[in-house]
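Each protein sequence line maps, in turn, to chains Z and C. Going by my numbering, 287 is the number at position 287 of the first sequence; the sequence numbering is gapless. Going by my numbering, 430 is the number at position 76 of the second sequence; the sequence numbering is gapless. Step one of this worksheet: look at the structure below.
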Amino acid sequence: MQTTGETLNEAPGFDDAVNPSGESFWQLTWKEYRKNGPALYSLYALGLMALMAIGADLIAGNKPYYMVYNGETYFPVIRQYAIYAGLAEWPVELRTRKNFKRYNPEEVIYPPIPFAPDEIQLNEKYRRPGIGHLFGTDRLGRDVLAGLIHGTRYSLTIGLVSVGISMVIGLGLGALAGYMGGWMDLFLSRVFELWAAIPPFFLIITAAAFFPPSLFWIMMIIGFTGWVGIARLTRAQFLQVRSFDYVSAAKALGCSNLRIMSAHILPNAIAPVLIPAAFGVAGAILAESGLSFLGIGVPAEVITWGSLLAGARSNISAWWLVVVPGFAIFITVTLYNLLGDGLRDALDPRQRGQ
Amino acid sequence: MSLILSIINHQSSITNPKDMLLQVNDLKTYFDTDEGVVRAVDGVSFGIEAGKTLGIVGESGCGKSMTAYSILRLVPQPPGRIAGGEIFFEDTNLLTLPDRALREIRGNDIAMIFQEPMTSLNPVFTVGEQIAEAVRLHRKADRQTAWNRSVELLEMVGIPLPEERAKSYPHELSGGMRQRAMIAMAISCDPKLLIADEPTTALDVTIQAQILDVLRRLQDELGMALILITHDLGVVAEMAHDVLVMYAGQVVEQTDVVTLFAQPSHPYTRGLLASVPTLIMEEGDLATIEGIVPDPTRYPAGCRFAPRCDFVVEACSEPQRLQEAATGHQVRCGAWKQIIEGGPLKTNEPISQ
């Protein structure tokens, strides 16, 4: 081995080559994900659904876009969103009625589906799908399509929040088990196994019996029961990543265990954990529908896809109460599963470059 | 060439002599596996003075890396454990130090660079961020100061356009550049001791030379001591003041670099030297040491090198102790005198059969 001092150091040798096609991990993953047609369109469809959830009041509701009442002009839908954001309140003269149709405004433009999901019209009970009510009405004359559109909000919220809770628990415990190893791993792994041995839906039903029926508790219960898969995968990931040199390097620099786990390992370990998370969203939506169908889910006045479906129990001949929300649940769950499949394929290095 | 290796014959009660920056006494690092206890490091002692370079040489699996990992307590636990010994850095025993105090020393007083530049940088952070992290950890600097320091460090290790490269992700850099970045990270807090675990093994020969150059230059500038772990005797000849030859978890020879090459006294050292290819060799004359490193769970009861040694005598069935061949020159072989008298080493002559 010969060194010739500074000359070699300054020579434009191989050393100074920069990888020109340098693509980051996530860029590669996206490139791979895009090749998967069904997965890509599921992502688009879910994006559309999220837009629908956000814009539900613009599509369906009894708050008009534009209204003239007692000579005053109002834009109730816009104000509704301001109220959601906590920026405004209803003016005093509009606080008496929830259903704005009752004000009999002089001029008015309603959303395309001029019904709120909880708008009761007792003279419109069990209307078949048709003009006026595209997907029919339920036993209280509530419009099913309006319920379906507003139900998107609950489905997405329940799915994402529950999985968010599962992720926090699963990532935390999985990271602890995988990184610490030893007796901690032994103990936590047994906890995972114990937890996984209980059929989740029965666990959810049991837990639901102890808490008041509310959206908050439903999300908590589903979140607290669904973390095992995530925890196991996180543990496996941490076991693998903790043996990489850059973890030793971080340790050699004097980083604390907490910092190594959260800043150095987690960003490298999280990708595969997104797969069970995607399936978890689907599972959470199904679980909520199941609970609401059984009547132990959300409170009666909240209209979710599951509670719409539950309405069919009292009148089997109202087939649209089964088909419409059932189909919506089926589609959404399928979309999330396709998303999960796509992620799994895209993150699998063996698929790369094929 | 000063003789800096102190002589400790397994008396672990000896504390740190004042002139040593780092003093390792009778270090034992074991791994508990299903096959039994792997004695990766089995009673290793050495010292290093401030500003000097110590080379640790040996085959794969001889325990040289684990010796280095043990110094910073980076041995994965479990299955690994430091079963005994003392490691004095200045006046503190690193092995009994609480974690928090050890973290103050890691990266600050003692830094380390690793063999594989491809995997020793975190792929999700830019190079500049990773270097800045080290600065922020120990120097309590704010973000901007730390970033400026990391650009400055990248310049010090000879990376062109350091401001742009600081914003690069590791995968955008070549192996040599990554190793430079690793060095920049390691020297970010002006360590007194840098441990380099095979820093050039994974690199092309031309780049190896550049990296060694960077290390030597930085050592001059910063006055830090260097422990250089390698299996490349060429690297040792060029960089080290003193050398530790390891075999099967033990030190088999330790001396200064001149003596090592002029009068190698342990048969294993001689074998290593003989197996370095030279240009005057005939084709097909590549010398090797016959046999393989013994199973670390079942070391021979006597001399651990005996199964591969050409000079086996009856005494070799007894465990060998380090013996003093000259002042500051220790050999773990009872027959070292006869071996030396066997004549000067011929590098083009296979030592075994």
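Each residue gets a CB set at the ideal place from its N, CA and C atoms; glycine is no exception. Everything numeric in this text was worked out from a predicted model, so none of it was measured.
7 angstroms Cβ cut-off: residues of chain D touching residue i
i	result
residue 246/Z	No chain D is present in this structure, whose protein chains are Z and C.
Top-ranked residue by Cα proximity to residue i, from the options
i	options	result
residue 121/Z	99/Z, 112/Z, 109/Z and 106/Z	99/Z
residue 505/C	541/C, 525/C, 606/C and 530/C	541/C
residue 73/Z	50/Z, 231/Z and 106/Z	106/Z
residue 546/C	516/C, 461/C and 520/C	461/C
residue 513/C	561/C, 490/C, 469/C and 435/C	561/C
residue 131/Z	140/Z, 145/Z, 139/Z and 119/Z	145/Z
residue 329/Z	286/Z, 296/Z, 39/Z and 29/Z	286/Z
residue 118/Z	102/Z, 150/Z and 236/Z	150/Z
residue 264/Z	278/Z, 60/Z, 75/Z and 249/Z	249/Z
residue 642/C	458/C, 630/C, 465/C and 648/C	630/C
residue 139/Z	147/Z, 148/Z, 126/Z and 133/Z	126/Z
residue 254/Z	694/C, 625/C and 457/C	457/C
residue 243/Z	526/C, 623/C, 607/C and 476/C	476/C
residue 193/Z	215/Z, 217/Z, 180/Z and 226/Z	226/Z
residue 268/Z	129/Z, 278/Z, 239/Z and 251/Z	239/Z
residue 520/C	509/C, 394/C and 495/C	509/C
residue 685/C	624/C, 650/C, 537/C and 608/C	608/C
residue 173/Z	262/Z, 204/Z, 251/Z and 256/Z	262/Z
residue 517/C	533/C, 498/C, 525/C and 529/C	498/C
residue 474/C	534/C, 620/C and 381/C	534/C
residue 507/C	681/C, 408/C and 572/C	572/C
residue 426/C	678/C, 454/C and 414/C	454/C
residue 412/C	527/C, 465/C and 551/C	551/C
residue 595/C	668/C, 682/C and 634/C	682/C
residue 449/C	568/C, 480/C, 613/C and 377/C	377/C
Run of the alpha helix (DSSP H) containing residue i, from where it starts to where it stops
i	result
residue 669/C	Here residue 669/C belongs to no alpha helix (DSSP H), and DSSP marks it neither H nor E.
residue 692/C	690-695
residue 57/Z	56-59
residue 617/C	No alpha helix (DSSP H) holds residue 617/C; DSSP gives it neither H nor E.
residue 425/C	418-425
residue 27/Z	25-34
residue 116/Z	Residue 116/Z -> no alpha helix (DSSP H), and no H or E assigned at all.
residue 229/Z	228-241
Residue i, enclosing beta strand (DSSP E) - first and last residue
i	result
residue 600/C	596-601
residue 251/Z	Careful: residue 251/Z lies outside any beta strand (DSSP E), inside the alpha helix (DSSP H) at 245-252.
residue 549/C	547-551
residue 680/C	677-680
residue 609/C	604-610
residue 108/Z	107-109
Contact check, residue i vs residue j, beta carbons under 7 angstroms
i	j	result
residue 163/Z	residue 280/Z	yes
residue 555/C	residue 431/C	no
residue 645/C	residue 673/C	no
residue 324/Z	residue 282/Z	no
residue 307/Z	residue 230/Z	no
residue 69/Z	residue 77/Z	no
residue 33/Z	residue 223/Z	no
residue 147/Z	residue 218/Z	no
residue 335/Z	residue 28/Z	no
residue 322/Z	residue 312/Z	yes
residue 566/C	residue 544/C	no
residue 548/C	residue 465/C	yes
Sheet register partners of residue i (DSSP bridge)
i	result
residue 377/C	401/C and 442/C
residue 579/C	547/C
residue 409/C	582/C and 597/C
residue 143/Z	137/Z
residue 393/C	384/C
residue 684/C	608/C and 678/C
residue 131/Z	The partner list for residue 131/Z (beta bridge, DSSP) is empty, contrary to what the question assumes.
residue 557/C	Partner(s): none; residue 557/C has no beta bridge.
Any chance you could list the beta strand (DSSP E) runs of at least 3 consecutive residues sitting entirely within the segment 61-87 of chain Z, in chain order? The segment 61-87 of chain Z contains, as complete beta strand (DSSP E) runs of 3+ residues, the segments 66-69 and 72-74 (chain order).
Could you give the uninterrupted runs of the alpha helix (DSSP H) lying entirely in the segment 432-478 of chain C, keeping only those of 4 residues or more? Unbroken alpha helix (DSSP H) stretches of 4 residues or longer found wholly inside the segment 432-478 of chain C: 453-459, given in chain order.
What are the uninterrupted segments assigned as alpha helix (DSSP H) that are 4 or more residues long and contained completely in the segment 286-331 of chain Z, given in chain order? Listed in chain order, the complete alpha helix (DSSP H) runs (minimum 4 residues) inside the segment 286-331 of chain Z are 305-310.
For a minimum of 4 consecutive residues, which ranges assigned as the alpha helix (DSSP H) are wholly contained in the segment 174-215 of chain Z? Counting whole runs of 4 or more residues, the segment 174-215 of chain Z contains the alpha helix (DSSP H) stretches 182-197 and 200-210.
If you scan the segment 492-522 of chain C from start to end, which runs of the alpha helix (DSSP H) of 4 or more residues do you find wholly inside it? Entirely contained in the segment 492-522 of chain C, the alpha helix (DSSP H) runs reaching 4 residues are, in chain order, 497-510 and 516-519.
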